[in-house]
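Written out below as structure tokens is the structure these notes cover.
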Amino acid sequence: MSTALHDQIRSFILENYLFTNDPSALALDDSLLGRGIVDSTGMLEIIYFIEEQLGVKVADQDMIPDNLDSVNRIAKYVQSKR
Amino acid sequence: MAASLLHTVIDHARRAPEASCLLWQQTRWTYGELNTAIASVAVRLQRLQLRSGDRVALLLRNCPQYVALSYGVFAAGGAVVPLNAQERASVLARQIEHSGCRVLAGDPHHPEWQRLQVALGSSDVQLLPVAITDDETSVEAFCDGAAAAVAEFAAVDMHALGMLIYTSGTTGRPKAVMLSHDNLRANTAAIVQYLALTSSDRGACVLPFHFSYGNSVLNTHLAAGASLLIEDNLAFPQVTLQRIADHGCTGFAGVPSTFTLLLGRTRLHDYDLKKLRYVTQAGGPMPTSITTRLREALPNAQLFVMYGQTEAAARITYLPPSMLETKLGSVGVPVADTQVTIRDAGDALVSTGQVGEICVRGPGVMLGYWADAEASQQALRGGWLRTGDLGHMDSDGFIYIDGRAVEMIKVGAFRVSPQEVEEAIASLSGVQEVAVTSQPDEVLGQSIKAVIVQAADASLDERAVKAHCRQYLATYKIPKTVEFAAALPRTASGKVQRFKLA
Chain A
-17 MSTALHDQIR
-7 SFILENYLFT
3 NDPSALALDD
13 SLLGRGIVDS
23 TGMLEIIYFI
33 EEQLGVKVAD
43 QDMIPDNLDS
53 VNRIAKYVQS
63 KR
Chain B
578 MAASLLHTVI
588 DHARRAPEAS
598 CLLWQQTRWT
608 YGELNTAIAS
618 VAVRLQRLQL
628 RSGDRVALLL
638 RNCPQYVALS
648 YGVFAAGGAV
658 VPLNAQERAS
668 VLARQIEHSG
678 CRVLAGDPHH
688 PEWQRLQVAL
698 GSSDVQLLPV
708 AITDDETSVE
718 AFCDGAAAAV
728 AEFAAVDMHA
738 LGMLIYTSGT
748 TGRPKAVMLS
758 HDNLRANTAA
768 IVQYLALTSS
778 DRGACVLPFH
788 FSYGNSVLNT
798 HLAAGASLLI
808 EDNLAFPQVT
818 LQRIADHGCT
828 GFAGVPSTFT
838 LLLGRTRLHD
848 YDLKKLRYVT
858 QAGGPMPTSI
868 TTRLREALPN
878 AQLFVMYGQT
888 EAAARITYLP
898 PSMLETKLGS
908 VGVPVADTQV
918 TIRDAGDALV
928 STGQVGEICV
938 RGPGVMLGYW
948 ADAEASQQAL
958 RGGWLRTGDL
968 GHMDSDGFIY
978 IDGRAVEMIK
988 VGAFRVSPQE
998 VEEAIASLSG
1008 VQEVAVTSQP
1018 DEVLGQSIKA
1028 VIVQAADASL
1038 DERAVKAHCR
1048 QYLATYKIPK
1058 TVEFAAALPR
1068 TASGKVQRFK
1078 LA
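As given, the protein sequences belong to chains A and B, one line each in that order.
Read in order, the letters of the first sequence correspond to residues -17 to 64 in this note's numbering.
Read in order, the letters of the second sequence correspond to residues 578 to 1079 in this note's numbering.
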């Protein structure tokens, strides 16, 4: 299910890594690494986005693919921390 | 002549078939299993009627299957063409065509795989898909019935082409370094020697194998009979560090951005890294602050600062860790059997302390560039490799890097030709002129900046330019900054002054 949070995360990734505003370019379950959308530095930028724009501090032990490697995973993680 | 890399691995497999060789995710391959996997690749390539000297392109991220394919190509008498898994289909297709590959072996789940097949069109390149999903990592799944008993592999012609590595280059003129089996063997042996690698070691490799540094980390550990923990990215440094700790790794190789990422959001003290006895760093200069923090965080590990180039197989110099303080800023002394001189534009030797071009002679120096006699002659003059790097040598023979004689941007440790990025941008409708330069980047050392002059009726924006680049360029080659200008700064003769763009 797409929520405002999902849309905000997807928009950030579309704008900064796919350079488009077309939502169909990124499915909510797409692996950001598997599809080559972000690399190591891109993932670091996404963590900063979560902290600065979404207001959730990402603890060291939470920096794992299960929490960060798709729009759905990021949204689920952020919701669990709010 | 000394044994090839292939035969050294086979020898380890005979002596210690149960010894751990490759560790990846939940999988462990022993040397015996790697030997079986190599044999299965050789059988499959022979079925595809691969002939001696034929090139085989590899397109897959770091994984055990990559290793089996790479050594399997050697076993079948072919030459490996490791493709950059981050590149786009159009570039990959051009490289496959340029090198005349007979076979493309790769991961059918790779994001560019389908587009690459379309781009190759009606060419007669044969496909060898190799799935590397989590549930297909066993040797049995990889061999898939092709593991016929190959008791003996044919001898390797040590002077023959073993590997063809694309370094950079525009779409019009790709540049591929030709390395013989002996180039690879000699450079591997030199690295094994100064790192004192043995079968007790266990390295961790996050560097891509298609990159000469990653390739050398792989080859050196296999040559030593050591084991290697394979990682394919550093997106989750904490996960990687935990694996390094869990597996008791003794060595770790990185480029400056690797260490910046590791030290940025992680606390190395939180991990049990006491077995880590060495850390190597190459791929460009690392800020002293990072070096200092790394040494403080890993007091038991020796830090080897190194310098190299794909054109010299991988490694040219290393700084013995005991000299790190007294020769701070130096990349050290030449590796075994290798000579370095500093020369001026007229090929004359310069005096001690004077800056000139770093030139290299030794068994690791390439055969030349593939199908480019002119570039080969320019790079290999009088038996010396002209590296294009500027440097000087002190009175003790230690070498210092002072910059590049050739325009090249280094993003992370990847070399990017400004012309390649300019070509991609210039093909976008509305671009009248473009110039690309480097700008300082906190993590990557340098990032790419493009300055564009638009056509009179154009209305481009930054996003449109980046979106266009993404279609044709690997992610790390996409400009981080795009600016628009009324004109480009030029010399009186009309040459663009890139340094004024930064």
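All C-beta atoms in this analysis are idealised placements derived from N, C-alpha and C, irrespective of residue type, glycine included.
Computed from a predicted structure; not experimentally measured.
**Message:** Please tell me whether residue 2 of chain A has its Cβ less than 8 Å away from any Cβ of chain B.
**Reply:** Among the residues facing chain B, residue 2 of chain A is included, as its CB has a counterpart in that chain under 8 Å away.
**Reference residue 888 of chain B, options B:788, B:662 and B:700, closest by Cα** = The alpha carbon of residue 888 of chain B has as its nearest neighbour, out of B:788, B:662 and B:700, the alpha carbon of B:788.
**Request:** Give the residues of chain A in contact with residue 842 of chain B, contact being defined as C-beta atoms less than 9 Å apart.
**Result:** The contacting residues are 26, 29, 40, 42 and 45.
**Asked** Hey, does residue 737 of chain B have any beta-carbon neighbour from chain D nearer than 8 Å?
**Response** In the displayed structure, chain D is absent; the protein chains listed are A and B.
**Request:** Run the CB neighbour count on residue 736 of chain B, radius 10 Å, all protein chains shown included, and call it buried at 16 or more, exposed below.
**Result:** Counting Cβ neighbours within 10 Å, residue 736 of chain B comes out exposed, since fewer than 16 surround it.
**Request:** Could you spell out where the alpha helix (DSSP H) holding residue 755 of chain B opens and where it closes?
**Result:** Not the alpha helix (DSSP H): residue 755 of chain B falls in the beta strand (DSSP E), residues 751 to 757.
**Request:** List the residues of chain A that residue 688 of chain B touches, going by C-beta distances under 7 Å, in chain order.
**Result:** Think of a sphere of 7 Å around the beta carbon of residue 688 of chain B: the chain A residues whose beta carbon falls inside it are 17 and 18, in chain order.
**Message:** Quick check on DSSP: helix, strand or coil for residue 962 of chain B?
**Reply:** Of the three classes helix, strand and coil, the one that applies to residue 962 of chain B here is strand, per DSSP.
**Item:** For residue 4 of chain A and residue 63 of chain A, the rounded distance between their alpha carbons
**Value:** Those two C-alpha atoms are separated by around 28 Å.
**Request:** From the DSSP output, read off the bridge partner residues of residue 969 of chain B.
**Result:** According to DSSP, residue 969 of chain B shares a beta bridge with B:977.
**Item:** Per-residue burial, residue 1017 of chain B [other beta carbons within 10 Å of its own, 16 or more giving buried]
**Value:** Residue 1017 of chain B is exposed by the Cβ-count criterion.
**Prompt:** Between which two residues does the beta strand (DSSP E) containing residue 690 of chain B stretch?
**Reply:** That residue, residue 690 of chain B, is in no beta strand (DSSP E); its alpha helix (DSSP H) goes 690 to 697.
**Identified DSSP bridge partners for residue 1018 of chain B** = DSSP links residue 1018 of chain B through a beta bridge to B:1022.
**Item:** Alpha-carbon spacing of residue 1039 of chain B relative to residue 841 of chain B, whole angstroms
**Value:** Answer to the nearest angstrom: the Cα atoms are 29 Å apart.
**Asked** Would a check of beta-carbon distances place residue 22 of chain A closer than 8 Å to chain B?
**Response** Output row for residue 22 of chain A: interface = yes.
**Prompt:** Do the segment 969 to 981 of chain B and the segment 902 to 910 of chain B touch if we need at least three Cβ pairs shorter than 8 Å?
**Reply:** The count of Cβ pairs closer than 8 Å, one atom from the segment 969 to 981 of chain B and one from the segment 902 to 910 of chain B, reaches three, so the stretches are in contact.
**Request:** Go through its chain and collect everything with a Cβ distance to residue 586 of chain B's Cβ below 8 Å, but skip five positions before and after it.
**Result:** If you ignore the 5 residues before and after residue 586 of chain B, its C-beta comes within less than 8 Å of the C-beta of 608, 611, 612, 615, 648, 799 and 800, all in its own chain and listed in chain order.
**Prompt:** Checking contacts by CB at 8 Å: is residue 1052 of chain B closer than that to chain A?
**Reply:** For residue 1052 of chain B, the answer is yes, since a Cβ of chain A falls inside 8 Å of its Cβ.
**Request:** Starting from residue 813 of chain B, find everything on chain A with Cβ-Cβ shorter than 8 Å and list it in chain order.
**Result:** Neighbours of residue 813 of chain B on chain A, chain order: 25, 45, 46, 47 and 50.
**Prompt:** According to the Cβ coordinates, are residue 53 of chain A and residue -9 of chain A closer than 8 Å?
**Reply:** Against a cut-off of 8 Å, the Cβ pair of residue -9 of chain A and residue 53 of chain A comes out as a contact.
**Prompt:** Counting Cβ pairs closer than 8 Å, one from the segment 19 to 27 of chain A and one from the segment 1062 to 1070 of chain B, do we hit at least three?
**Reply:** In short, these stretches do not touch, since the Cβ pair count stays below three.
**Request:** Indicate whether residue 756 of chain B and residue 943 of chain B have their beta-carbon atoms separated by less than 8 Å.
**Result:** Against a cut-off of 8 Å, the Cβ pair of residue 943 of chain B and residue 756 of chain B comes out as a contact.
**Asked** Is it the case that the CB of residue 906 of chain B approaches a heavy atom of the ligand ADP more closely than 7 Å?
**Response** The ligand ADP is absent from the structure shown, which contains no ligands of any kind.
**Request:** Measure from the alpha carbon of residue 891 of chain B to the alpha carbon of each residue in B:1000, B:856, B:965 and B:763, then state which is nearest.
**Result:** Ranking the options by Cα distance to residue 891 of chain B, first place goes to B:763.
**Message:** Give me the residue from B:679, B:709 and B:632 with the minimum Cα distance to residue 685 of chain B.
**Reply:** With distances taken between Cα atoms, residue 685 of chain B lies closest to B:709.
**Prompt:** In chain order, what residues of the same chain have a beta carbon less than 6 Å from the beta carbon of residue 1060 of chain B, not counting five sequence neighbours either side?
**Reply:** Excluding residues within five positions, the ones whose Cβ falls inside 6 Å are 1028.
**Asked** Are the C-beta atoms of residue 1021 of chain B and some chain A residue less than 8 Å apart?
**Response** So, interface residue.
**Item:** Residues near residue 1005 of chain B in its chain [Cβ-Cβ closer than 6 Å; skip 5 each side]
**Value:** Around residue 1005 of chain B: 1045.
**Request:** Give, in chain order, every residue of the segment 661 to 692 of chain B whose Cβ lies closer than 7 Å to some Cβ of chain A.
**Result:** Those residues of the segment 661 to 692 of chain B that come within reach of chain A (Cβ to Cβ, closer than 7 Å) are 663 and 688.
**Message:** I want to verify the contact list: residues of chain A whose CB lies under 7 Å from the CB of residue 796 of chain B, in sequence order.
**Reply:** None at all; the shortest Cβ gap to chain A is about 23 Å.
**Request:** Anything in chain A within Cβ reach of residue 612 of chain B, meaning under 8 Å, just list it in chain order.
**Result:** Ordered by position in chain A, no residue passes the 8 Å Cβ test against residue 612 of chain B, which lies about 30 Å from the chain.
**Prompt:** At a Cβ threshold of 8 Å, is residue 838 of chain B touching chain A?
**Reply:** Yes, because at least one Cβ of chain A sits closer than 8 Å to the Cβ of residue 838 of chain B.
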